[in-house]
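Student:
Protein chains in written order, with my numbering: chain S, 1 to 171; chain L, 172 to 339.
Here it is as structure tokens:
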């Protein structure tokens, strides 16, 4: 990414359900993204990612053999990953908290709950483009900052250099 | 726990946007313009609308598959097919069907995590309701939503029972 011109913008849709995949692809094309690549599993998606370097990835969670969580983890952590910072929007029908947390901890950038709506999809794209988040690298995690808000109620653990710096600013 | 008064050992590195590759200003402006353009929204809404009927047919196919999984007592298979239904039904205009399938998924997921067998009657109630709702002409406005609400209460009650037995 993405000194590329808008006309060269490239997205990847990873979804094992061909109908949902086609719908997502059509919505991205409606946005003006000319090149939308498609994959039916995490493995296929990672191969495409390496070969074609998409600027934005939309992925389902449940897929076989490699699901969206494992795919995200591979993108973020693998030595073979061509762009561990690529924005990953997870589009999922899963509402179970443990699955959502697992996806967040794998390093997804944004979530979009199914059923998808135009409004919600475009809001997530807007969020990714307008407010890119810092990435965090620590033991056991690499990905977008999981602390979305400056939460006054947060009681630690304090692991970051800027935790200390913010404290000094408050004083 | 209060904030530290002196720097912690560096355990986490924060990498700000720009220190890693982000969309160029030109690309960002074009994308933002597109996502805020009423004409683009209208075009996308038409695409969604055009896909509704096709997705409805797909959902009905998954209902056959979930029933086949139920006939063979394959709870993992029931979960997989119900998950597909909850993911597609909402975009097929079958909102009650999606709610009922979501409830079934929540139930099966929780039971699986608790390493307990699902109650057949709970599963059967959901499967029958999914099939009836998906085939109704106006499933959300007739009985579908009311049935979905009742089944959600049932699942909440069952999950509370599981939590109770796990904590005692």
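All residues carry an ideal CB built from backbone N, CA and C; glycine is no exception.
(1) If we require 4 or more residues per run, which alpha helix (DSSP H) segments fall completely within the region 182-255 of chain L?
(2) So, with DSSP's three-state summary, where would you put residue 278 of chain L?
(3) For residue 58 of chain S, collect the residues of the same chain with a Cβ closer than 6 Å to its Cβ; drop the 5 residues on either side in sequence, then sort them by chain order.
(4) Among S/28, S/75, S/105, which one has its Cα closest to the Cα of residue 48 of chain S?
(5) Give me the Cα-Cα distance between residue 117 of chain S and residue 123 of chain S, rounded to the nearest whole angstrom.
(6) By the 7 Å beta-carbon criterion, what residues does the region 20-47 of chain S contribute toward chain L?
(7) Closer than 8 Å, Cβ to Cβ, to anything on chain S: give me those residues from the region 182-196 of chain L, in chain order.
(8) Strictly under 8 Å for the Cβ-Cβ distance: is residue 146 of chain S near chain L by that measure?
(9) Near residue 274 of chain L, what residues of its chain come up, given a Cβ to Cβ distance below 6 Å and the 5 sequence neighbours on each side ignored?
(10) At the 8 Å Cβ level, is residue 96 of chain S part of the contact set with chain L, yes or no?
(11) For residue 137 of chain S, would you say it is in contact with chain L, using Cβ-to-Cβ distances shorter than 8 Å as the test?
(12) What is the rounded straight-line gap between the Cα of residue 288 of chain L and the Cα of residue 34 of chain S?
(13) Return the residue from the list S/55, S/29, S/39 that minimises the CA-CA distance to residue 194 of chain L.
(14) Does any CB atom of chain L fall closer than 8 Å to the CB of residue 71 of chain S?
(15) Assuming the contact rule is C-beta atoms closer than 8 Å, residue 93 of chain S and residue 257 of chain L should be a hit. Round their C-beta distance to whole Å, please.
(16) Drop a sphere of 10 angstroms on the beta-carbon of residue 291 of chain L, count the other beta-carbons inside from all chains shown, and report buried for 16 or more, exposed for fewer.
(17) Determine the DSSP secondary structure at residue 57 of chain S, reduced to helix, strand or coil.
(18) Taking the C-alpha atoms as reference points, what is the distance between residue 6 of chain S and residue 120 of chain S?
(19) Could you check where the beta strand (DSSP E) with residue 92 of chain S kicks off and where it finishes?
(20) Considering only their Cβ atoms, is the gap separating residue 63 of chain S from residue 41 of chain S smaller than 8 Å?
(21) Can you tell me whether DSSP reads residue 108 of chain S as helix, strand or coil?
(22) Should residue 97 of chain S be labelled buried (16 or more other beta-carbon atoms within 10 Å of its own) or exposed?
(23) Would you mind stating whether residue 37 of chain S and residue 82 of chain S have Cβ atoms separated by less than 8 Å?
(24) Is the CB of residue 57 of chain S under 8 Å away from at least one CB in chain L?
(25) Check for me: the alpha helix (DSSP H) holding residue 42 of chain S runs from which residue to which?
(26) How many angstroms separate the CA atom of residue 241 of chain L from the CA atom of residue 200 of chain L?
(27) At a Cβ cut of 7 Å, what residues of the region 281-299 of chain L count as close to chain S, listed as they run along the chain?
(28) Name, please, each residue of chain L whose Cβ falls closer than 8 Å to the Cβ of residue 112 of chain S.
(29) Taking any Cβ of chain S, which residues in the region 248-264 of chain L have a Cβ under 7 Å from it, in chain order?
(30) Name, going along the chain, the residues of the region 194-225 of chain L whose beta-carbon falls closer than 7 Å to a beta-carbon of chain S.
(31) Check whether the region 198-214 of chain L and the region 232-248 of chain L touch, using three or more Cβ-Cβ pairs below 8 Å as the test.
(32) Taking a Cβ distance cut-off of 7 Å, strictly less, list which residues of the region 120-135 of chain S are near chain L, in chain order.
(33) In terms of residues, what are the limits of the alpha helix (DSSP H) holding residue 142 of chain S?
Tutor: Answer, in terms of the structure:
(1) 196-206, 209-242
(2) Within the second chain, residue 278 of chain L is the residue found at index 107, counting from 1. In this structure, residue 278 of chain L counts as helix in the three-state DSSP scheme.
(3) As a working mapping, residue 58 of chain S is identified with position 58 in the first chain. Taken in chain order, the residues that qualify are 13, 24, 89, 91.
(4) As a working mapping, residue 48 of chain S is identified with position 48 in the first chain. Measuring from the Cα of residue 48 of chain S, the nearest candidate turns out to be S/75.
(5) The residue you call residue 117 of chain S lines up with position 117 of the first chain. The residue you call residue 123 of chain S lines up with position 123 of the first chain. The straight-line gap from Cα to Cα measures roughly 10 Å.
(6) 20, 23, 26, 27, 30, 31, 32
(7) 182, 183, 184, 185, 186, 187, 188, 191, 192, 193, 194, 195
(8) Position 146 of the first chain, counted from the first residue, corresponds to residue 146 of chain S. Chain L, which has no Cβ nearer than 8 Å to the Cβ of residue 146 of chain S, makes this no.
(9) For the purposes of this step, residue 274 of chain L is taken as residue 103 along the second chain, with counting starting at 1. Excluding residues within five positions, the ones whose Cβ falls inside 6 Å are 322, 323, 326.
(10) Stepping through the first chain from its first residue, residue 96 of chain S is reached at position 96. Yes, because at least one Cβ of chain L sits closer than 8 Å to the Cβ of residue 96 of chain S.
(11) In the first chain, counting from the first residue as 1, residue 137 of chain S sits at position 137. Yes, residue 137 of chain S counts as interfacial toward chain L.
(12) Along the second chain, one-based indexing puts residue 288 of chain L at 117. Along the first chain, one-based indexing puts residue 34 of chain S at 34. Straight-line Cα distance between these residues: approximately 48 Å.
(13) Stepping through the second chain from its first residue, residue 194 of chain L is reached at position 23. Measuring from the Cα of residue 194 of chain L, the nearest candidate turns out to be S/55.
(14) Residue mapping note: residue 71 of chain S aligns to position 71 of the first chain, counting from 1. It does not; no Cβ of chain L falls within 8 Å.
(15) For this step, residue 93 of chain S is matched to residue 93 along the first chain. For this step, residue 257 of chain L is matched to residue 86 along the second chain. Confirmed, about 5 Å.
(16) Against the second chain, residue 291 of chain L aligns to sequence position 120. Exposed, by the Cβ-count rule.
(17) Mapped onto the first chain, residue 57 of chain S falls at position 57. Strand.
(18) Sequence index remark: in the first chain, residue 6 of chain S carries index 6 (1-based). Sequence index remark: in the first chain, residue 120 of chain S carries index 120 (1-based). C-alpha separation (whole angstroms): 22 Å.
(19) Your numbering for residue 92 of chain S matches position 92 in the first chain. From DSSP, the beta strand (DSSP E) with residue 92 of chain S extends over 88-92.
(20) Taking the first residue of the first chain as position 1, residue 41 of chain S is located at position 41. Taking the first residue of the first chain as position 1, residue 63 of chain S is located at position 63. For residue 41 of chain S and residue 63 of chain S, yes; Cβs fall inside 8 Å.
(21) To locate residue 108 of chain S, count along the first chain from 1; it is residue 108. Coil.
(22) By one-based count along the first chain, residue 97 of chain S stands at place 97. Classification of residue 97 of chain S: exposed, given that the 10 Å Cβ count is below 16.
(23) Here residue 37 of chain S refers to the residue found at position 37 when the first chain is read from its first residue. Here residue 82 of chain S refers to the residue found at position 82 when the first chain is read from its first residue. Result no, Cβ atoms of residue 37 of chain S and residue 82 of chain S do not sit closer than 8 Å.
(24) Against the first chain, residue 57 of chain S aligns to sequence position 57. No - not a single Cβ of chain L is within 8 Å of the one on residue 57 of chain S.
(25) Against the first chain, residue 42 of chain S aligns to sequence position 42. Where residue 42 of chain S is concerned, the enclosing alpha helix (DSSP H) stretches over 42-52.
(26) To locate residue 241 of chain L, count along the second chain from 1; it is residue 70. To locate residue 200 of chain L, count along the second chain from 1; it is residue 29. Approximately 51 Å between the Cα atoms of the pair.
(27) none
(28) Here residue 112 of chain S refers to the residue found at position 112 of the first chain. None at all; the shortest Cβ gap to chain L is about 12 Å.
(29) 254, 255, 257, 258, 259, 261, 262
(30) 194, 195, 197, 198, 199, 201, 202, 203, 205, 206, 211, 212, 214, 215, 216, 218, 219, 222, 225
(31) no
(32) 122, 125, 126, 129, 130, 132, 134, 135
(33) Along the first chain, one-based indexing puts residue 142 of chain S at 142. It is not in any alpha helix (DSSP H) - residue 142 of chain S instead sits in the beta strand (DSSP E) that spans 141-144.
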